[in-house]
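2 protein chains.
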Amino acid sequence: MESLMIYMPIALALIGLIYMVIKKSWVMKQDAGDGKMKEISDHIYEGALAFLKAEYRLLTFFVIGASLVLAGIAFYMDSTYLIVVAFIIGAVFSAFAGNMGMKIATKTNVRTTQAAKTSLPNALKVSFGGGTVMGLGVAGLAVLGLTLFFIIFFQLFMGGEWTNTADMTIVLEALAGFSLGAESIALFARVGGGIYTKAADVGADLAGKVQADIPEDDPRNPATIADNVGDNVGDVAGMGADLFGSYVATVLAAMVLGNYVIKDMGGSIADAFGGIGPILLPMSIAGVGIIISLIGTFLVKISSNDAKEADVQKALNIGNWASIVMVAAACFGLVTWMLPETMQMNFYGEGLQDISSMRVFYACLVGLVVGAGISAFTEYYTGLGSKPILKIVQQSSTGAGTNIIAGLATGMISTFSSVLLFAAAIWTSYALAGFYGVALAASAMMATTAMQLAIDAFGPIADNAGGIAEMSEQDPIVRERTDILDAVGNTTAATGKGFAIASAALTSLALFAAYVTFTGIDGINIFKAPVLAMLFVGGMVPVVFSALAMNAVGKAAMEMVNEVVRQFREIPGIMEGTGKPEYDKCVDISTKASLKEMMLPGLLTIGFPILVVLIGKIVYQENNMLVAEMLGGYMAGVTVSGVLWAIFQNNAGGAWDNAKKSFEAGVEINGVMTYKGSEAHKAAVTGDTVGDPFKDTSGPSMNILIKLTCLIGLVIAPILGGHGEKTVLTNAEVEVETIIGASKDLAQATISYTMVENGVEVTKEETFSGTEAEVDAKLKAFEKTESTVEGDAKKVIKKMDVIKE
Amino acid sequence: MESLMIYMPIALALIGLIYMVIKKSWVMKQDAGDGKMKEISDHIYEGALAFLKAEYRLLTFFVIGASLVLAGIAFYMDSTYLIVVAFIIGAVFSAFAGNMGMKIATKTNVRTTQAAKTSLPNALKVSFGGGTVMGLGVAGLAVLGLTLFFIIFFQLFMGGEWTNTADMTIVLEALAGFSLGAESIALFARVGGGIYTKAADVGADLAGKVQADIPEDDPRNPATIADNVGDNVGDVAGMGADLFGSYVATVLAAMVLGNYVIKDMGGSIADAFGGIGPILLPMSIAGVGIIISLIGTFLVKISSNDAKEADVQKALNIGNWASIVMVAAACFGLVTWMLPETMQMNFYGEGLQDISSMRVFYACLVGLVVGAGISAFTEYYTGLGSKPILKIVQQSSTGAGTNIIAGLATGMISTFSSVLLFAAAIWTSYALAGFYGVALAASAMMATTAMQLAIDAFGPIADNAGGIAEMSEQDPIVRERTDILDAVGNTTAATGKGFAIASAALTSLALFAAYVTFTGIDGINIFKAPVLAMLFVGGMVPVVFSALAMNAVGKAAMEMVNEVVRQFREIPGIMEGTGKPEYDKCVDISTKASLKEMMLPGLLTIGFPILVVLIGKIVYQENNMLVAEMLGGYMAGVTVSGVLWAIFQNNAGGAWDNAKKSFEAGVEINGVMTYKGSEAHKAAVTGDTVGDPFKDTSGPSMNILIKLTCLIGLVIAPILGGHGEKTVLTNAEVEVETIIGASKDLAQATISYTMVENGVEVTKEETFSGTEAEVDAKLKAFEKTESTVEGDAKKVIKKMDVIKE
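As you go down the protein sequences, you meet chains A and B in turn.
At position 787 of the first sequence (counting the first as 1) the number is 836 in our numbering, and the numbers step up by one without a gap.
At position 586 of the second sequence (counting the first as 1) the number is 635 in our numbering, and the numbers step up by one without a gap.
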């Protein structure tokens, strides 16, 4: 049985990938339209490829550099070099997933335009088909890669059989390399993509509308191709890499905490899964989630050619909700099947507690509720026609200033409900099943990743399809149909961002918990001044990161505007449509600018945690545990502040966007119907300009920032863990002296040992009495608290347990 | 000697207050000008009084309500009702200080205008004289009130003589009531004042400029008086109450931690100050600081009538820097005089350490550096002509959108240096002298409060004086002179805000440390999920608070605009200057709106910490310690996030303001000189509109939010403290079995005891060996770690110490 289960996630991932290939060939077989359409589509495809090529060239250097650092760490730690291999493959998998997603998206767009010529249901079928390929590809590769490496490391380090939790920790430490590789690529994909898309968008807008008074999607606008490429670079490749990273990191963290559950239960359990049920569970949920998402995509369809936005939205909702319900059911089955009916888990400060597997299932439900809840909140604060949006529209009547204030305030207030939900989720899932519960809440939520990505990727595909329709001057009905899809895509983009934040936040928490177990610290005490100082520093980083990202967009957009103006001036006949704009120059500017500008934020993200450790080590050479706590404080600061700024920026940006869009259909302000072109609309456009980098660059980057910070912490953790010098058992003679009473009601154990505490030699003798379970718990807790026991001492304590039994 | 020193701060405060009265009568004797000037001044004075009256009426209800709650807590805790008395008097003192400051400011403004008719040096002398009255009044009342209550409680609870640290804790717990009263008033003064001033400002601007095209200060603008009142309500009364609160809270927290130092040193010390030197020190520094500030004000003067902004700024700087240097010298004297040469302090996780008094002095220096540093950073990010401002100016050329992005980014990036400085300050002052060091860093910084306030209050007085000159149509030279003072006032306003943030942040930290000692918890472990959840919730509160404050300004400004438009429409001859605007109606609107709108943020501030405790108590009835940690997590979240948002909002607002002002003298954009009235200037005006509530309402409110949150925590602390059920020594038989060796090199002590830990009875025997000092330290640490020892057990441990000696 066990041999079957460990391969199950791989099998499921392969099914997903096979279906993905079938779906892909179906999409590719669709009609790609006539000459002009194809030409534009090819431009976009080539622009996207050019970006990817340039990005991957740059990332190659990064991966090589980071690999050397990792190898150095492995050398210093005398640990396995395989973490480097895992890191490289993680980076390659993530890049491959992004590459694949972007290729299919840029191939699907024109096919969607062509399908829209026939009917709306067909257009949805094609565009969502492209999204499905993307979603299944990303999720499939994530599960495949992670499981594969787990099996390899499990064989290498443990011979494929359970030995003890320490060995499993080594397996998982190496596996963290895969996750780190994936997330590093995600950083550059998200940040670089975010800068690219907004530089092109703002540049095209400003240049086109301000300088030559032609629409954004006009083929005479040289930046228009770059703008369309940007949608793919940011919303498809960026989002894909983001969720790929979350998926992998969540499962990894849950596995680490599963190992910890086994440790709490005495170091080994007997189950039908080779004694690693709690570790296999998160992988299994991820694997089953792929199949569930696959089934969910079948449910997304409309039949009527007269369908409106609401109908399309409903079709997507049915698919989404069906997936969520199926995941809930699957979690119930898997949890009850794979976990022991009752587990022991150690709660900090509260000791060991008996936890039933049903409580783990409830924790999974908490995760599903959070995902759905945060998406719903996002829709409330950013959805067309909602109260906050109407308020911003009203405030636009008194000018851009009041519009901006209203938008900022909306984003800020929107943190209230999301953070409360989130805090409640942390608390309840922990209360239900400890940090294992928190990690499984995240895993359950992430199980529908493939479905979420399908819905997410469908938006920019439809957006592009509309652009192609406009540029190739199709019949207005075509644009009308793609506009319906695009409008729905805007909503799903906002809720997708909510999902991405929720996933990043839960993932970071799970990583945070895994970090503490890796380092073996007692907790993170912010009453220690150095730890508190790092909490402040961590809190600051997301704010500065966001500012850097925003400034990068400003700079890149300026370059773009200058280039467009130059072309208008220098290319003869460009305005009449006889001269051909040099699209590739604009694509090139966006590409170069985004890659250059993502350096500093990237450096900040990766450099700061390393700096914290270095400074900590210099000051507290003898106290690794304090340095580990400092890094933990930094991680907590980044996470708390990052989640806040992510919600704030995404929702403010989304709200401004839809406040502007409200004017297209007309809005009532002080009793007067107001439309596009009015003063109020101009104010709303200003708000949207501010909101663009908020919602598409700095906001979504927060996800990566917090996840990557926690992952770096996790990789550094082994360096800091297990080397604490505070309390050392030197001359340990640990033995159980007496056990009185065979009954469960009365037991007693005495242990004595000598230790060095802060330089003072202390001989201790402790006698525990109570029921057998209680004494047992005390002995286990004792072993745990002496976490810095060195060398032989540890073994002696372990022997003690054996004697007792 | 001791009887002298305890009264010293009172004596110094009285000297300050006496000088304040003399200075006040000097200011009042100055010429108040002719008919029209006096009329306008009277309008402002009456408007200010009307606001104060309405505010105090409302606050009376609040104080009664809060007193009842406090009395309830005292009843529940079986503690002293005197905390209620202290609370009420603290509120009354704070209100009285604000009242006095506002009265003198509104009397000085017209006298400054009149003085400006003769010369610039005279105008500075009068306006700064008014500021001095305000500064000395606030600082004097703060020190007087706090010291008076300390002496009373010291007599009541301890008979005026040192007994033990537990009794002193009761004294300080009661004293916390005074601080809470002061800070509660500050909340409403800052938030209400902030809403008032910006509602009037934005209202007057929009109504005057947009609707009737007349300048802001035009007497035909009905909102102009409200605008001038607002400067006093926000910048004078609000800032005064803010610093009054910081001053009191800082000293209080330092006293609490001083008591803790005595505890660490064995429960009593022998010094020339009745054994309470470490507790008296912060009060003494505060007292001496008043006299130093008084001397510093003498140095602020200019002689030339042709002086420019730089000369006036220099005069203020000389006074300020001289005060800082004198405070440093005074700290050296007081610290070496009043503290034992070597103290023992307990560092969490590192045990007892010997700390020399010089290290405490260095911690004081850290505080002075932070105050000066944060002011300097603020000036860099918001000062006219600085790089960030020029960048915003450049970005204004492409419209309001890019101007806003640049301003936001500037505010966000500005958190970098300030937070790093701040984190370094926490770390170093703690490393130097524990949390006592952190609190004394804050105390040293706050010692120049009177000087800071004098400089701060001078700004709005000069601003008002300019307004009066404009409205009463004086000779242009008068306005020119007041404009010079006003320009300097704008810079001091920004740096003053930096000082206020730094003080609030350090104060909160000191309160935070005091909180931990009051509750007796081991620290605040954010690895416990409920604590982490509260960290998130705490982080969210400043964001939502800011949004509420910003929305409040928007709403109130709208009402103001509507009223002004009504008056323009309904009052005949108003535009020709023959009809009289109804100023009082506008004042009334600002007053009512600000009082109404400050309710919700106030409720959020006060209600949330109480809610955290209530929910915690419901869930963890048996575990007060965990609830205390949860509240601590909440406090840390509010502080970290609040400091960030304060810096962000203040600096973004200040930067936008000065970017707009840059256009007055003309700026070069892309090689072209650009002035007021250009498109770029209009974009900058939009930025300023957004920045106004940032820098004058929501930004400064953060100070109060974080301080009040930590103070509420401190007042609640005794409820949570001392009742932990985690580890209880029940059947303690503690005794020293053997002490070997009389030499200092070899000592040994064995203790044995029985205790209940998580329900299990444990018998422990511990033997410590090492040098005598080491063993001694271990024994003391042992006593401390068993902080939840109950009843007789505690006494037995104490007896053990005696036997050993």
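By construction, the Cβ of each residue, glycine as well, lies at the ideal position given by its N, Cα and C atoms.
All of these numbers come straight from a predicted model, not from anything done at the bench.
Would a check of beta-carbon distances place N600(A) closer than 7 Å to chain B? Along the first sequence, read from residue 1 onward, the residue named residue 600(A) stands at position 551. Cβ-Cβ to chain B under 7 Å: yes for N600(A).
Rounded to whole angstroms, what is the Cα-Cα separation between D105(A) and I573(A)? Residue numbering aside, residue 105(A) sits at position 56 when the first sequence is read from its first letter. Residue numbering aside, residue 573(A) sits at position 524 when the first sequence is read from its first letter. First, the amino acid is wrong: residue 105(A) is Tyr here, not Asp. Cα to Cα, the separation comes out at about 38 Å.
Do you know how far the Cα of V676(B) is from the Cα of Q670(B)? Looking up residue 670(B) in the second sequence gives position 621. Looking up residue 676(B) in the second sequence gives position 627. Taking the straight line joining both Cα atoms gives about 9 Å.
Taking C-alpha atoms, which residue in V240(A), N277(A) and G147(A) lies nearest to E519(A)? The count along the first sequence starts at 1 and reaches residue 519(A) at position 470. It is N277(A) whose Cα lies nearest to the Cα of E519(A).
Taking only the alpha-carbon atoms, compute the straight-line gap between G208(A) and S352(A) and give it to the nearest angstrom. Position 159 of the first sequence, counting from 1, holds the residue named residue 208(A). Position 303 of the first sequence, counting from 1, holds the residue named residue 352(A). Answer to the nearest angstrom: the Cα atoms are 54 Å apart.
How should A235(A) be labelled, buried or exposed, when 16 other C-beta atoms within 10 angstroms of its C-beta is the threshold for buried? Here the question's residue 235(A) lines up with position 186 in the first sequence. Buried, since its Cβ has 16 or more Cβ neighbours within 10 Å.
Which residue or residues does DSSP assign as beta-bridge partners of T391(B)? Here residue 391(B) is taken as the residue at index 342 of the second sequence, counted from 1. For T391(B), which the question treats as bridged, DSSP gives the partners S405(B).
C-beta contact flag for V661(A) and M583(A) at 7 Å: Stepping through the first sequence from its first residue, residue 661(A) is reached at position 612. Stepping through the first sequence from its first residue, residue 583(A) is reached at position 534. In this structure, M583(A) lies closer than 7 Å to V661(A) by Cβ.
What residues match up with V716(A) in a beta bridge as DSSP calls it? As a position in the first sequence, residue 716(A) is number 667, starting the count at 1. T723(A).
Take V586(A) and list the residues in its own chain whose beta-carbon comes closer than 7 Å to its own, dropping the five residues that flank it on each side. Taking the first sequence and counting its residues from 1, the one referred to as residue 586(A) is at position 537. Excluding sequence neighbours, V586(A) sits near Y683 and G686.
Is the shortest distance between the beta-carbon of A458(B) and the beta-carbons of chain A less than 7 Å? One-based indexing of the second sequence puts residue 458(B) at position 409. Answer yes: the Cβ-Cβ gap between A458(B) and chain A drops below 7 Å somewhere.
With distances taken between CB atoms, is the gap from I438(B) to N707(B) smaller than 7 Å? By 1-based counting over the second sequence, the position of residue 438(B) is 389. By 1-based counting over the second sequence, the position of residue 707(B) is 658. Yes, the pair counts as a contact, with Cβ atoms nearer than the cut-off.
Within a Cβ cutoff of 6 Å, which residues of the same chain sit near K833(A), ignoring the five residues on either side of it in sequence? Here residue 833(A) refers to the residue found at position 784 of the first sequence. For K833(A), the pLDDT reaches just 46, beneath the cut-off of 50, and the residue's location in the model is therefore unreliable, although a value from the coordinates is still provided. Closer than 6 Å at the Cβ level, and outside the excluded window around K833(A), lies no residue.
Taking C-beta to C-beta, are A356(B) and L169(B) nearer than 7 Å? What you label residue 356(B) is simply residue 307 of the second sequence in a count that begins at 1. What you label residue 169(B) is simply residue 120 of the second sequence in a count that begins at 1. Taking 7 Å as the Cβ cut-off, A356(B) and L169(B) qualify as a contacting pair.
Among A553(A), L61(A), F198(A) and Y724(A), whose alpha-carbon lies nearest the alpha-carbon of T758(A)? Here residue 758(A) refers to the residue found at position 709 of the first sequence. Closest option to T758(A), Cα to Cα, is A553(A).
Assign V374(A) to one of two classes, buried (16 or more other C-beta atoms within 10 Å of its C-beta) or exposed (fewer than that). Your numbering for residue 374(A) matches position 325 in the first sequence. Exposed, because fewer than 16 other Cβ atoms sit within 10 Å of the Cβ of V374(A).
Go ahead and label Y430(A) buried or exposed: buried means 16 or more other beta carbons lie within 10 angstroms of its beta carbon, across all protein chains shown. For the purposes of this step, residue 430(A) is taken as residue 381 along the first sequence, with counting starting at 1. Looking at its Cβ environment, which holds 16 or more other Cβ atoms inside 10 Å, Y430(A) is buried.
Taking C-beta to C-beta, are G628(B) and I638(B) nearer than 7 Å? Position 579 of the second sequence, counted from the first residue, corresponds to residue 628(B). Position 589 of the second sequence, counted from the first residue, corresponds to residue 638(B). Not closer than 7 Å, so no.
Would DSSP call G147(A) helix, strand or coil? Taking the first residue of the first sequence as position 1, residue 147(A) is located at position 98. Residue state, collapsed to three classes: helix.
Could you tell me whether any Cβ in chain B is nearer than 7 Å to the Cβ of G450(A)? Position 401 of the first sequence, counting from 1, holds the residue named residue 450(A). Yes, G450(A) counts as interfacial toward chain B.
Are the segment 146-161 of chain B and the segment 78-87 of chain B in contact at 8 Å, needing three or more beta carbon pairs? yes
In three-state terms, what does DSSP make of F561(A)? The residue you call residue 561(A) lines up with position 512 of the first sequence. The answer is helix: DSSP assigns F561(A) an H, G or I state.
Helix, strand or coil, according to DSSP, for F396(B) in the structure here? Numbered from its first residue, the second sequence carries residue 396(B) at position 347. F396(B): strand per DSSP, three-state reduction.
Does any residue of chain A have a CB that is nearer than 7 Å to the CB of A472(B)? Within the second sequence, the letter at position 423 stands for residue 472(B). Yes, its Cβ sits closer than 7 Å to a Cβ of chain A.
Candidates S466(A), D737(A), A425(A) and W705(A): closest to G448(B) by CA position: Sequence index remark: in the second sequence, residue 448(B) carries index 399 (1-based). It is D737(A) whose Cα lies nearest to the Cα of G448(B).
I'd like to check one pair, S116(B) with V141(B): are the Cβ atoms closer than 7 Å? For the purposes of this step, residue 141(B) is taken as the residue at position 92 of the second sequence. For the purposes of this step, residue 116(B) is taken as the residue at position 67 of the second sequence. No, the Cβ-Cβ distance between V141(B) and S116(B) is not below 7 Å.
Around the C-beta of Q204(A), are 16 or more other C-beta atoms found within 10 angstroms, so that it is buried, or is it exposed? On the first sequence, residue 204(A) is found 155 positions in, with the first residue counted as 1. Exposed.
Please identify the residue among G184(A), F410(A), I274(A) and A231(A) whose C-alpha is closest to the C-alpha of G515(A). Within the first sequence, numbered from 1, the residue matching residue 515(A) stands at position 466. If we check each option's Cα against that of G515(A), I274(A) comes out closest.
Just curious, the alpha helix (DSSP H) that K645(A) is in, first and last residue? Taking the first sequence and counting its residues from 1, one reaches residue 645(A) at position 596. Looking at the DSSP string, the run of the alpha helix (DSSP H) that includes K645(A) is Y632 to E646.
Please go through the segment 313-371 of chain A and give each complete alpha helix (DSSP H) segment of 4 or more residues, from N-terminal end onward. 326-347
CB contact below 7 Å: K744(B) versus chain A: Sequence index remark: in the second sequence, residue 744(B) carries index 695 (1-based). Output row for K744(B): interface = no.
Collapsed DSSP secondary structure at N574(B) in the structure displayed: Stepping through the second sequence from its first residue, residue 574(B) is reached at position 525. N574(B) falls in the strand class under three-state DSSP.
Looking at chain B, is there any beta carbon in it that lies within less than 7 Å of the beta carbon of P437(A)? On the first sequence, position 388 is the one that residue 437(A) refers to. No, P437(A) lies away from the interface with chain B (no Cβ there is under 7 Å from its Cβ).
Taking C-beta pairs closer than 9 Å, name the residues in chain A that T738(B) reaches, listed in chain order. For the purposes of this step, residue 738(B) is taken as the residue at position 689 of the second sequence. Going along chain A in sequence order, the residues near T738(B) (Cβ under 9 Å) are G448, A449, G450, T451, I453 and I454.
Does DSSP classify N539(B) as helix, strand or coil? In the second sequence, counting from the first residue as 1, residue 539(B) sits at position 490. The answer is helix: DSSP assigns N539(B) an H, G or I state.
Proximity test, Cβ basis, 7 Å: T391(A) and chain B: Along the first sequence, read from residue 1 onward, the residue named residue 391(A) stands at position 342. Cβ-Cβ to chain B under 7 Å: no for T391(A).
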